[in-house]
Amino acid sequence: MNELKLIEQRKVLGKEFRIYGDFENPLFVAVDVAEWIEHSNTTEMLKGIDDDEKLTSIILRAGQRRAVAMLTEDGLYEVLMQSRKPIAKEFKREVKQILKTIRKHGLYAKEELLDNPDIAIAAFKALKEEREARKALEVENNAMKPKALFADAVSASHTSILIGELAKLIKQNGIDIGQKRLFEWLREQGFLMKSGSSKNMPTQRSMEQGLFEIKESSYINSEGVTVVTKTTKVTGKGQIYFTNKFLCK
-17 MNELKLIEQR
-7 KVLGKEFRIY
3 GDFENPLFVA
13 VDVAEWIEHS
23 NTTEMLKGID
33 DDEKLTSIIL
43 RAGQRRAVAM
53 LTEDGLYEVL
63 MQSRKPIAKE
73 FKREVKQILK
83 TIRKHGLYAK
93 EELLDNPDIA
103 IAAFKALKEE
113 REARKALEVE
123 NNAMKPKALF
133 ADAVSASHTS
143 ILIGELAKLI
153 KQNGIDIGQK
163 RLFEWLREQG
173 FLMKSGSSKN
183 MPTQRSMEQG
193 LFEIKESSYI
203 NSEGVTVVTK
213 TTKVTGKGQI
223 YFTNKFLCK
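Counting from 1, position 186 in the sequence shown corresponds to residue 168 in our numbering; the numbering is continuous, with no gaps.
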């Protein structure tokens, strides 16, 4: 799933206001909207909204990729219309004005700003500085992104998991891969042994990197012989490493 781009952010009526996607088909974070109208239960708020007016998308929030519930423009207006809070009506008016102005002028500016060149120049200078700062922050976020990506999949874990579970974890983050293909990829990339009795056991390199561990267990078979089995498991460090490796492809 592709990450939605933040295209507008400002304070509206003292609340954080963000627009994602594009200005023709803007999307709004449902949790933000619930906060605007002081609704304590976002899930409950969304129940009264048609399926074509809400969706789940990936956004970058606090440096992490997150799957969040979003509202379309129609969905937003529907939520605001259903709310009995006085601020909902004010928000609806403000949002409509912001989108109308942006669609007309390519940016949001009140009429007095557009009518006064001196104020406009100062405002555009501030806007330029803000966008340069935002661009610098975006570069910084991109540099940090590989470390942050995995946080959306699972917290850095001290618990080792099976390779099949790792495949599910990666798939949850939008990468189409199953257990069989992941095993093949790990062998091709030199993380697992390719053949013989050690097939699918970690290579020396991957063990030294701390990406895998080998769990041994034993049982007594029908002939009374103790059989020792070995299972390759992915460490917490390995989970972070491989998930980020696929997400950054």
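Don't be surprised by glycine CBs; every beta carbon is placed ideally from N, CA and C.
Contact fails between the region 57 to 66 and the region -16 to -8, because fewer than three Cβ pairs, one in each stretch, are under 8 Å apart. For Ile196, the number of other beta carbons within 10 angstroms of its own is below 16, and it is reported as exposed. DSSP places Ala149 in the uninterrupted alpha helix (DSSP H) bounded by Ile145 to Gln154.
Phe5 carries a coil assignment under DSSP once its states are collapsed to helix, strand and coil. Taking the Cα of Met189 as reference, the smallest distance to any Cα among Val216, Ile157, Lys212 and Gln46 is reached at Val216.
Following the DSSP letters along the chain, one finds Ala12 in no beta strand (DSSP E) but inside the alpha helix (DSSP H) bounded by residues Ala12 to Trp18.
Proximity of the region 37 to 51 to the region 71 to 88 falls short of the contact definition, fewer than three beta-carbon pairs being nearer than 8 Å. In the same chain as Val209, and ignoring 5 residues on each side of it, the C-beta atoms closer than 8 Å to its own belong to Ser200, Tyr201, Ile202 and Asn203, in chain order. One Cα belongs to Phe165, the other to Lys(-7), and the distance between them is close to 49 Å. When DSSP reads this structure, Lys227 sits in no beta bridge, so it has no partner. As a beta-bridge residue in DSSP terms, Tyr201 pairs with Val209.
Looking at the DSSP output, Phe194 bridges to Val216. In the three-state reduction of the DSSP assignment, Ala70 falls in the helix class. Among the bridge pairs identified by DSSP, Val(-6) is matched with Lys(-3). In the structure shown, Gln46 falls within a strand segment according to DSSP collapsed to helix, strand and coil. Gln221 places its beta carbon less than 8 Å from that of Ile143. At the C-beta level, Ile145 and Gln171 stay beyond 8 Å of one another. In the three-state DSSP reduction, Met27 falls in the helix class (H, G or I). Cα atoms of Ile40 and Ala118: separation of roughly 22 Å, rounded to the nearest angstrom.
For Met63, the enclosing alpha helix (DSSP H) starts and ends at Glu55 to Gln64. Residue pairing by DSSP places Met52 opposite Val11 and Leu37 in a beta bridge. In the structure shown, the three-state DSSP call for Ile84 is helix.
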